[in-house]
Every structure is written in C-alpha cells, then in structure tokens.
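Notes to accompany the following structure.
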Amino acid sequence: MFSTDDDKAVRREALFGSLFFETEEKGDGALGVTMGVANPTALIILFLVFAAVLTMVQFTYRGLRQRREQLIEEMSRN
108 MFSTDDDKAV
118 RREALFGSLF
128 FETEEKGDGA
138 LGVTMGVANP
148 TALIILFLVF
158 AAVLTMVQFT
168 YRGLRQRREQ
178 LIEEMSRN
C-alpha cells in the first residue's frame, strides 16, 4: 500500500475502491501519506451484510439453545 514509484505520487485503493491510500516521496527521503474514504457505498453495503450475517447467527444460536433445553426437558421426563 505504501510503495512509491520514482518521484510521482502513487494512489492505491482497497475494500472495493472505498478506501484510498496515496503516498509520495518527499525531497528528504520521507514519505507523505494520505488516506481516506473514496466511496462510502461499498463500506455501507459491507456493514449491512455483516450486520445481517450476525443477526442470522444470533437467531440460529437462540433456536439451537431452545431446542437443546427442550430435548433435556424431554429426557428428564423419561
């Protein structure tokens, strides 16, 4: 991400083009680094997908836990 080519600035994008990293070599050998959000749409979509997956996992866990308690209760009656 932070590589440079010759004396010109290099711009790299990550996370489907939503984040950018721009580096340029300064005269004294130091690197100037700029980074930010180029397109928030991909970040929003990733967040929504992540939230949906976590919600499904939570519902599945609750359902399995209830089923386990039900099976334990049925076994104790016998």
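Residue numbers for the sequence shown follow the working numbering, beginning at 108 and rising by one.
We put the beta carbon where it would ideally sit given N, CA and C, even for glycine.
None of the values given here were measured: they were computed from a predicted structure.
*Bridge-paired residues (DSSP) for R119*: Answer by DSSP bridge pairing, in chain order: F128.
*Spatial neighbours of E120 in its chain, beta-carbon cut-off 6 Å, leaving aside the 5 residues before and after*: These residues qualify, in order along the chain: F127.
*Helix, strand or coil at G136 [DSSP, three-state]*: In the structure shown, the three-state DSSP call for G136 is coil.
_Checking the sheet assignment: what are the DSSP bridge partners for M182?_
Looking at the DSSP output, M182 sits in no beta bridge, so it has no partner there.
*asked:* Considering only their Cβ atoms, is the gap separating T130 from L138 smaller than 7 Å?
replied: A Cβ-Cβ contact shorter than 7 Å links L138 with T130.
*Proximal residues to K115 (C-beta, below 8 Å), its chain only, five neighbours per side dropped*: Excluding positions up to five away in sequence, the list reads E131.
*Please list, in chain order, all residues of the same chain as R118 whose beta carbon is under 7 Å from its beta carbon, the five residues on each side excluded.*
The residues are F127, E129.
_As a quick exercise: from K133, D135, L153, pick the residue whose alpha carbon is nearest that of G124._
When each option's Cα is compared against that of G124, the closest is L153.
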